[in-house]
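Novice: One structure, pasted below without further comment.
Residue numbers (this note's numbering): 159 to 526.
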């Protein structure tokens, strides 16, 4: 009986029901799109770092795992010390710098010869390596997203660079410039923010790492699998990202709460006469309260389904508009947003449901 009443109430006012469900759907989509984009960027950055092919990563003292926020640097001469350790095959100094010209991202300054020793070389779609200090190598995703061609000029860090090569993505950054050029741009000659180390064999990694820890006691040293995991965790817990995510989740939850509250409050006003009939027939307060709570949960569930549709539609739109943005939706967040949608719906309907249950049946029957 109650299920039929709930269904008829939802269907009899289709526009109000659709608007309410859509508002909850926007709440769900807003959260899932934000979380998916931030998770996608963090995991994709970690994956590209692993794709370099290094076995060990050496960082300067007091450096941050949040690479864009790290300002620590060390002498490139440390590469000579590292290369002399038994088991080390190649060492590549790298300088990472945040670029805000034409978009936000990291640019890697590399010595191409030593970097090739780590990565086994880039796979070129077009062009070849650096021919001069003002050359840049871009990956295929970056080039396709901006419709760039070989030989064109782009602006990075307020300086023009010529595209000398377009390579397959997956090896560290999307943008590479000569290490010397990077050092001059940031005013740190002879410095690097990271050392990539390649061992002759995987079995050499523990010994090389232990030797480095003995010689460079204040330097953070990681094997690549640990570094990628720590990098992902550090970026996920990075203060601004964490604060922004929590703020959006809180605001989205408030939106869902108030929309459901207004919808159910309006519904009770519209159905005052019906409530009077139910109470005159002996319906207890709990039954009436539960009736409105169930209707709110139905609308919340419909909103969640709509939200999923908006999320996947939004993800498709973002990938068309900005191919460099990666969207990965953690499965646990599907469950979390579903619970959140139902929670905000039930919370928003709580007061209206209690108000409906407490109405005087005589006054309700007399209501027009």
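Idealized CB from N, CA, C, for every residue including glycine.
Because the structure is a prediction, the values reported are computed rather than measured.
1) Let me make sure I understand the geometry here. Which of 249, 403 and 270 has the alpha-carbon closest to that of residue 358?
2) Quick one: residues in its chain with C-beta nearer than 6 Å to the C-beta of residue 334, no 5 flanking neighbours on either side, listed in chain order?
3) Could you name each continuous alpha helix (DSSP H) segment of 4 residues or more that falls completely within the region 209-297, going from the start of the chain to the end?
4) Enumerate, from N- to C-terminal direction, the unbroken alpha helix (DSSP H) stretches of 4 or more residues contained entirely within the region 330-395.
5) From residue 366 to residue 245, what does the alpha carbon distance come to, in whole angstroms?
6) Using C-beta distances below 7 Å, list every residue in its chain close to residue 232, excluding the 5 sequence neighbours before and after it, in chain order.
7) Give me the Cα-Cα distance between residue 343 and residue 507, rounded to the nearest whole angstrom.
8) State buried or exposed for residue 401, treating a residue as buried only when at least 16 other CB atoms are found within 10 Å of its CB.
9) Within its chain, find whatever has a CB closer than 8 Å to the CB of residue 108; leave out the 5 residues flanking it on each side and keep chain order.
10) If you draw a straight line from the alpha carbon of residue 159 to that of residue 459, how long is it in whole angstroms?
11) Expressed to the nearest angstrom, what Euclidean distance is found between the alpha-carbon atoms of residue 364 and residue 486?
12) Nearest CA to the CA of residue 421: which residue from 241, 504, 368 and 370?
13) Could you name the residues of the same chain whose beta carbon sits closer than 6 Å to that of residue 339, not counting the 5 residues immediately before and after it, in chain order?
14) Could you please give me the residues that DSSP links to residue 318 through a beta bridge?
15) Whose C-alpha, out of 467, 212 and 488, is nearest the C-alpha of residue 355?
16) Just to confirm, is the Cβ distance from residue 283 to residue 322 under 8 Å?
17) Whether or not the region 298-307 and the region 376-385 are in contact is what I'm after, with contact meaning three or more pairs of Cβ atoms, one per stretch, closer than 8 Å; do they touch?
18) Drop a sphere of 10 angstroms on the beta-carbon of residue 255, count the other beta-carbons inside from all chains shown, and report buried for 16 or more, exposed for fewer.
19) With distances taken between CB atoms, is the gap from residue 320 to residue 311 smaller than 8 Å?
20) Does the distance from the C-beta atom of residue 405 to that of residue 191 stay below 8 Å?
21) I'd like the list of long-range same chain contacts for residue 457, defined as Cβ closer than 8 Å, with 5 residues on each side in sequence excluded.
22) Residue 271 to residue 488, Cα distance in whole Å?
Specialist: Quick answer:
1) As a position in the chain shown, residue 358 is number 200, starting the count at 1. When each option's Cα is compared against that of residue 358, the closest is 249.
2) Locating residue 334 in the chain shown gives position 176, where the first residue counts as 1. 266, 268 and 295.
3) Counting only runs of 4 or more, we get 236-241 and 270-277.
4) Whole alpha helix (DSSP H) segments, 4+ residues: 337-344, 363-373 and 382-394.
5) On the chain shown, position 208 is the one that residue 366 refers to. On the chain shown, position 87 is the one that residue 245 refers to. C-alpha of residue 366 to C-alpha of residue 245: approximately 6 Å in a straight line.
6) Here residue 232 is taken as the residue at index 74 of the chain shown, counted from 1. Taking residue 232 as the centre and dropping the five residues before and after it, the same chain places the C-beta of 218, 349 and 350 closer than 7 Å to its C-beta, in chain order.
7) In the chain shown, counting from the first residue as 1, residue 343 sits at position 185. In the chain shown, counting from the first residue as 1, residue 507 sits at position 349. Rounded to the nearest whole angstrom, the C-alpha separation of residue 343 and residue 507 is 59 Å.
8) By one-based count along the chain shown, residue 401 stands at place 243. By the Cβ-count criterion, residue 401 is exposed, with fewer than 16 other Cβ atoms from all chains shown falling within 10 Å of its own Cβ.
9) The question about residue 108 has no answer, for the chain in this structure spans 159 to 526.
10) What you label residue 159 is simply residue 1 of the chain shown in a count that begins at 1. What you label residue 459 is simply residue 301 of the chain shown in a count that begins at 1. For residue 159, the pLDDT reaches just 49, beneath the cut-off of 50, and the residue's location in the model is therefore unreliable, leaving the point undetermined.
11) Walking along the chain shown from the start, residue 364 turns up at place 206. Walking along the chain shown from the start, residue 486 turns up at place 328. Straight-line Cα distance between these residues: approximately 33 Å.
12) Residue numbering aside, residue 421 sits at position 263 when the chain shown is read from its first letter. Per the Cα distances, 504.
13) Along the chain shown, read from residue 1 onward, the residue named residue 339 stands at position 181. Close CB contacts of residue 339 within its chain, under the 6 Å cut and outside five residues either way in sequence, are with 291 (chain order).
14) Along the chain shown, read from residue 1 onward, the residue named residue 318 stands at position 160. Bridge partners of residue 318: 313.
15) Sequence index remark: in the chain shown, residue 355 carries index 197 (1-based). Answer by Cα proximity: 212.
16) Residue numbering aside, residue 283 sits at position 125 when the chain shown is read from its first letter. Residue numbering aside, residue 322 sits at position 164 when the chain shown is read from its first letter. At a Cβ-Cβ threshold of 8 Å, residue 283 and residue 322 do not count as neighbours.
17) As far as the Cβ criterion goes, the region 376-385 does not touch the region 298-307, which means the pair count is below three.
18) Residue 255 sits at position 97 when you count from the first residue of the chain shown. Buried, because 16 or more other Cβ atoms sit within 10 Å of the Cβ of residue 255.
19) Taking the chain shown and counting its residues from 1, the one referred to as residue 320 is at position 162. Taking the chain shown and counting its residues from 1, the one referred to as residue 311 is at position 153. Cβ distance < 8 Å, so residue 320 and residue 311 count as in contact.
20) Along the chain shown, one-based indexing puts residue 405 at 247. Along the chain shown, one-based indexing puts residue 191 at 33. No, the Cβ-Cβ distance between residue 405 and residue 191 is not below 8 Å.
21) The residue given as residue 457 occupies position 299 in the chain shown. Only 168, 175, 178, 179, 182, 418, 421 and 503 meet the Cβ criterion.
22) Taking the chain shown and counting its residues from 1, one reaches residue 271 at position 113. Taking the chain shown and counting its residues from 1, one reaches residue 488 at position 330. Each residue's Cα considered, the two are about 38 Å apart.
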